[in-house]
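Student: Numbering of the sequence shown is given in the working numbering, commencing with residue 2 and proceeding in unit increments.
Just so it is clear, CB atoms sit at the ideal spot from N, CA and C, and this is done for glycine as well.
Since this is a predicted model, take the numbers as computed values, not measurements.
Can you keep this structure in mind? I'll have questions shortly.
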Amino acid sequence: MTDADTTRIRMTVDGRAVEVEPGTTVAAALAIARVSGSRLSVKGEPREALCGMGVCQECRVTIDDRTHALACQTLCRDGQRVKTRNGAVRA
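Here it is, written out as structure tokens:
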């Protein structure tokens, strides 16, 4: 195991393992995991981070069973479990 391996954060997004660098936001981890939306609108359209600063709230996800967490404002942690809402689709 190299030093680079030990500095990576291991987490899951919709049950899939994802590794990211320390300091990565959950919104960025969703992009890395190729999740095209964090939730679905009432019309069933994928929604995702828009403003990147927590104002629009389009990036809401469930993090470790805490609903409506803002993905753009939350840093990834080792062992974190992220679930997108309403089965948001993958790209």
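#1: Alpha carbon to alpha carbon, how far is serine 37 from cysteine 77? Give it in angstroms, no decimals.
#2: Using DSSP's beta-bridge definition, name the partner residues of methionine 12.
#3: Does DSSP put leucine 31 in a helix, in a strand, or in coil?
#4: Check for me: the beta strand (DSSP E) holding threonine 85 runs from which residue to which?
#5: Using DSSP bridges, identify the partner residues of threonine 63.
#6: Nearest CA to the CA of isoleucine 64: which residue from Ser42, Gln81, Ala34?
#7: Thinking proline 23 and isoleucine 10 are a contact (beta carbons under 8 Å), I'd like their distance in whole angstroms, please.
#8: Do alanine 70 and alanine 50 count as a contact pair if the criterion is CB distance below 7 Å?
Tutor: Working from what's here:
#1: Taking the sequence shown and counting its residues from 1, the one referred to as residue 77 is at position 76. Taking the sequence shown and counting its residues from 1, the one referred to as residue 37 is at position 36. Roughly 18 Å separates the two Cα atoms.
#2: As a first step, residue 12 is located in the sequence shown; it is residue number 11 there, counting from the start. Methionine 12 is bridged to Val19.
#3: The residue given as residue 31 occupies position 30 in the sequence shown. It is helical.
#4: Residue numbering aside, residue 85 sits at position 84 when the sequence shown is read from its first letter. Per DSSP, threonine 85 belongs to no beta strand (DSSP E) and is neither H nor E.
#5: The residue given as residue 63 occupies position 62 in the sequence shown. Partner(s): Lys84.
#6: The residue given as residue 64 occupies position 63 in the sequence shown. Nearest C-alpha to isoleucine 64: Gln81.
#7: In the sequence shown, the residue the question calls residue 23 occupies position 22. In the sequence shown, the residue the question calls residue 10 occupies position 9. Rounded, the Cβ-Cβ distance is 6 Å, consistent with contact.
#8: In the sequence shown, the residue the question calls residue 50 occupies position 49. In the sequence shown, the residue the question calls residue 70 occupies position 69. No; because the gap between Cβ atoms is not below 7 Å, this pair is not in contact.
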